[in-house]
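Participant:
Listed below in structure tokens is the structure:
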């Protein structure tokens, strides 16, 4: 349809830009006091991209302050290790962020309300890449960082929520995420909650949860290693 054509065209343009003007080196590092302002700016741009509370109150009307964004990290500095930033080597600009939460980790009341983590789960609170850096692999690097972080914390699955119509669904599927099956009642409740919290930023209301089973991947790697030793 017209929306998908627009997404494909945008992706092709971004890919062409990367080919003609290779992006500078990007390094991943855990969030720090020095990168808090840059991560905050990325989140404001992410929330300002058509997202609205109860469909009528865009988050851009009353953007979150840096102090509010940094509060949970400053109260619990250890939580910075669960958030990664992608930083341009040449300018030091933060061009991407992925924030995760494991079971029992201190979280803001808003994040805890959005999703309650279970034992063995690592949940992606949010993932965003600046417009200029999209289509160049930054999102893929951040997702793979999150997977390694989850494995390091002995999690059995990496999960995230996605809004219907989000082009990033293709990226998630490529990286091994699959939709979480739910009954009709839970699906309706999830759809209503996401719509109230984020509106319809992609022209479609609601959303769903996705997960990557890390235990399955670990088993595959163990089998591959066993086969290699046998040969």
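Numbering (the working numbering), first residue to last: -14 to 216. Quick reminder that beta carbons are idealized off the backbone N, C-alpha and C, glycines included. These figures come from a predicted structure and were not determined experimentally.
(1) Classify residue 90 as buried or exposed, calling it buried when 16 or more other Cβ atoms lie within 10 Å of its own Cβ.
(2) Just to confirm the assignment, what range does the alpha helix (DSSP H) spanning residue 54 have?
(3) Considering only the alpha carbon of each residue, which of 67, 144, 106, 12 lies closest to residue 164?
(4) Pick helix, strand or coil for residue 15, following the three-state DSSP scheme.
(5) Are at least three pairs of beta-carbons, each pair with one atom in the stretch 91 to 98 and one in the stretch 72 to 83, less than 8 Å apart?
(6) I need the DSSP call for residue 24, collapsed to helix, strand or coil.
(7) Tell me which residue opens and which closes the beta strand (DSSP E) that residue 142 is part of.
(8) Within the stretch 64 to 139, note down every full alpha helix (DSSP H) run reaching 4 residues or more, in order along the chain.
(9) Out of curiosity, what's the CA-to-CA distance linking residue 198 and residue 88?
(10) Just how far apart, CA to CA, sit residue 51 and residue 169?
(11) Using three-state DSSP, classify residue 193 as helix, strand or coil.
(12) Evaluate residue 113 with the Cβ neighbour count: other Cβ atoms within 10 Å of its Cβ, from every protein chain shown; 16 or more gives buried, anything less gives exposed.
(13) DSSP state of residue 158, grouped into three classes?
(14) Nearest CA to the CA of residue 17: which residue from 63, 148, 130, 118?
(15) Roughly how far, in whole angstroms, is the beta-carbon of residue 72 from the beta-carbon of residue 115, given that I think they are within contact range, below 8 Å?
(16) Could you tell me which of 142, 82, 122 sits nearest to residue 106, measuring between CA atoms?
(17) Could you pull out every residue in the same chain whose Cβ sits closer than 6 Å to the Cβ of residue 67, ignoring the five residues on either side in sequence?
(18) What is the rounded straight-line gap between the Cα of residue 65 and the Cα of residue 15?
(19) Quick check on this structure: which residue in 122, 58, 131 has the alpha carbon closest to the alpha carbon of residue 162?
Facilitator: Considering the structure as presented:
(1) In the chain shown, counting from the first residue as 1, residue 90 sits at position 105. Classification for residue 90: buried.
(2) For this step, residue 54 is matched to residue 69 along the chain shown. 51 to 60 is the extent of the alpha helix (DSSP H) around residue 54.
(3) Here residue 164 refers to the residue found at position 179 of the chain shown. Taking only the C-alpha atoms, the option nearest residue 164 is 144.
(4) Sequence index remark: in the chain shown, residue 15 carries index 30 (1-based). If DSSP states are grouped into helix, strand and coil, residue 15 belongs with the strands.
(5) no
(6) As a first step, residue 24 is located in the chain shown; it is residue number 39 there, counting from the start. Here residue 24 sits in helix by DSSP.
(7) Numbered from 1 along the chain shown, position 157 holds the residue referred to as residue 142. Start and end: 142 to 148.
(8) 94 to 99, 123 to 137
(9) Numbered from 1 along the chain shown, position 213 holds the residue referred to as residue 198. Numbered from 1 along the chain shown, position 103 holds the residue referred to as residue 88. Whole-angstrom Cα-Cα distance: 16 Å.
(10) The sequence position of residue 51 within the chain shown is 66, counting from 1. The sequence position of residue 169 within the chain shown is 184, counting from 1. Approximately 39 Å between the Cα atoms of the pair.
(11) Translated into positions along the chain shown, residue 193 becomes position 208. Three-state DSSP puts residue 193 in a strand.
(12) Numbered from 1 along the chain shown, position 128 holds the residue referred to as residue 113. Counting Cβ neighbours within 10 Å, residue 113 comes out buried, since at least 16 surround it.
(13) Translated into the one-based positions of the chain shown, residue 158 becomes position 173. In this structure, residue 158 counts as helix in the three-state DSSP scheme.
(14) To locate residue 17, count along the chain shown from 1; it is residue 32. Nearest of 63, 148, 130, 118 to residue 17, Cα basis: 63.
(15) Against the chain shown, residue 72 aligns to sequence position 87. Against the chain shown, residue 115 aligns to sequence position 130. In fact, because the Cβ distance is near 11 Å, the residues do not count as touching under 8 Å.
(16) The count along the chain shown starts at 1 and reaches residue 106 at position 121. The residue with the shortest Cα to Cα distance from residue 106 is 142.
(17) Numbered from 1 along the chain shown, position 82 holds the residue referred to as residue 67. So the list reads 85, once near-sequence residues are dropped.
(18) Here residue 65 refers to the residue found at position 80 when the chain shown is read from its first residue. Here residue 15 refers to the residue found at position 30 when the chain shown is read from its first residue. Going from the Cα of residue 65 to the Cα of residue 15 covers about 6 Å.
(19) Along the chain shown, read from residue 1 onward, the residue named residue 162 stands at position 177. The option with the nearest alpha carbon to residue 162 is 131.
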